[in-house]
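Protein sequences, first through last, are from chains A and B.
Counting with our numbering, you get residues -6 to 139 for the letters of the first sequence.
Counting with our numbering, you get residues -6 to 139 for the letters of the second sequence.
Beta carbons: idealized from backbone N, C-alpha and C, even for Gly.
To keep things clear, I will list the structure first and then write my remarks on it.
2 protein chains.
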Amino acid sequence: MMMLTDETRIDNVLEELGYRVTGPRRKVARLVSTKEGTFSAESINDGLPSVGRATVYRTLKLLSETGILCKITLPDGSPRYSLDGAWHHHHVICSPCGKIEEFRKPVLERLLREMASEVDGKMLGHRVEVYITCADCLPGTSPGDN
Amino acid sequence: MMMLTDETRIDNVLEELGYRVTGPRRKVARLVSTKEGTFSAESINDGLPSVGRATVYRTLKLLSETGILCKITLPDGSPRYSLDGAWHHHHVICSPCGKIEEFRKPVLERLLREMASEVDGKMLGHRVEVYITCADCLPGTSPGDN
DNA sequence: AAGTATTTTGATACTTAGTCTCATTAAACG
DNA sequence: CGTTTAATGAGACTAAGTATCAAAATACTT
């Protein structure tokens, strides 16, 4: 559910940007759109034995560049992907379970912009990640944690 | 100069935490303390043929955990290290030249904490990186760029 | 519909950044 | 000093990609 929507959205985005909508890309997009929270590139690769590893990585990169996916870094440095709303935002990531929430805070943006200007130079972008243990993963709160 | 200060500081920190102050760790610490801006683990490894690769990585990790170094991620995902002031802070990183500036903004901290609380769960930490092109790297401004 | 041009793919090799194992070496402590 | 315990180095292994390049698929032209 909502998978179809995501898939056509992906097709459209690729088409609009002049990329070909191919079988392998569709397969990656379809699998990606079923994922909740974060996932690793390798999990996509494992789920699609018919698609080459290089193509999986290429497609994930493509989808990240076109803003469909977004790549984040866990506290320990390992990279993860997640479906992404269309706008700039930041992440609250639950370290234990990998669940992520997006947030958008104009105040924060302004603050960071200000910061960059103090250092003189041109701001290219920024990365903000907040790591938490979510309520579900908090010991004692809910018994069925993994 | 100031290298000596850094080295004794490192010795002290290790000692205080109950780690042994060994030859290899001293070598890594000495080399690390000569670096300006960011550097890769491999550059330390290359600079110390007499120290094993594993030890270099182990020591960098140790120094990061004890707050002497701090590990950041460039926009393209590659990891870098830099000498670190003793307190929590964030980074402004010049993508072209790798120069980094630290900043500390209580407002920002408060904002992020607030953010985390909205999502319910316990905040573990956060990562904030601002990417810029610094004045020296801005084309036209200064002719002698790399 | 066929032919051509261009993009994409998959297999494989390679790279980067690290971690793991484990026998050997070296600090630290009494 | 000798002993205990931590740290080291060599080398194999892992994770997350990137590079190469011939073959296949897609799109474009007529």
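For residue i, would you say it is in contact with chain B, using Cβ-to-Cβ distances shorter than 8 Å as the test?
{"i": "His119 of chain A", "result": "yes"}
{"i": "Val6 of chain A", "result": "no"}
{"i": "Thr1 of chain A", "result": "no"}
{"i": "Leu10 of chain A", "result": "no"}
{"i": "Met116 of chain A", "result": "yes"}
For a test of the three-state rule: what should DSSP assign to residue i, helix, strand or coil?
{"i": "Cys130 of chain B", "result": "helix"}
{"i": "Lys92 of chain A", "result": "coil"}
{"i": "Ile61 of chain B", "result": "coil"}
{"i": "Gly16 of chain A", "result": "helix"}
{"i": "Glu29 of chain B", "result": "coil"}
{"i": "Pro99 of chain B", "result": "helix"}
{"i": "Leu117 of chain A", "result": "strand"}
{"i": "Gly11 of chain B", "result": "coil"}
{"i": "Val21 of chain A", "result": "helix"}
{"i": "Ser110 of chain B", "result": "helix"}
{"i": "Leu76 of chain A", "result": "strand"}
Between the beta-carbon of residue i and the beta-carbon of residue j, is there less than 8 Å?
{"i": "Gly114 of chain B", "j": "Ile125 of chain A", "result": "yes"}
{"i": "Lys98 of chain A", "j": "Met116 of chain B", "result": "no"}
{"i": "Val121 of chain A", "j": "His83 of chain A", "result": "yes"}
{"i": "Leu53 of chain B", "j": "Ala34 of chain B", "result": "yes"}
{"i": "Leu10 of chain A", "j": "Arg18 of chain A", "result": "no"}
{"i": "Arg73 of chain A", "j": "Gly91 of chain A", "result": "yes"}
{"i": "Leu62 of chain A", "j": "Asp77 of chain A", "result": "yes"}
{"i": "Gly30 of chain B", "j": "Ser75 of chain B", "result": "yes"}
{"i": "Leu24 of chain B", "j": "Ile3 of chain B", "result": "no"}
{"i": "Val49 of chain B", "j": "Val85 of chain B", "result": "no"}
For residue i, would you say it is in contact with chain A, using Cβ-to-Cβ distances shorter than 8 Å as the test?
{"i": "Ala109 of chain B", "result": "yes"}
{"i": "Asp113 of chain B", "result": "yes"}
{"i": "Leu41 of chain B", "result": "no"}
{"i": "Val14 of chain B", "result": "no"}
{"i": "Glu102 of chain B", "result": "no"}
{"i": "Asp37 of chain B", "result": "According to the sequence displayed, residue 37 of chain B carries Ile and not Asp. Not one chain A Cβ lies under 8 Å of Ile37 of chain B."}
{"i": "Cys127 of chain B", "result": "yes"}
### Query
Name the residues in the stretch 45 to 75 of chain A whose C-beta lies less than 9 Å from a C-beta of chain B; which are they?
Lys64, Thr66, Pro68, Gly70 and Pro72
Using Cβ-Cβ distances below 7 Å, what residues of the stretch 21 to 35 of chain B are close to chain A? none
Check: Going along the stretch 86 to 99 of chain A in order, which residues come within less than 8 Å of chain B, judged by CB to CB distance?
Finding: Cys87, Ser88, Glu94, Phe96 and Lys98
Which whole runs of the alpha helix (DSSP H) in the stretch 33 to 57 of chain A are 4 residues long or more, in chain order?
34 to 40
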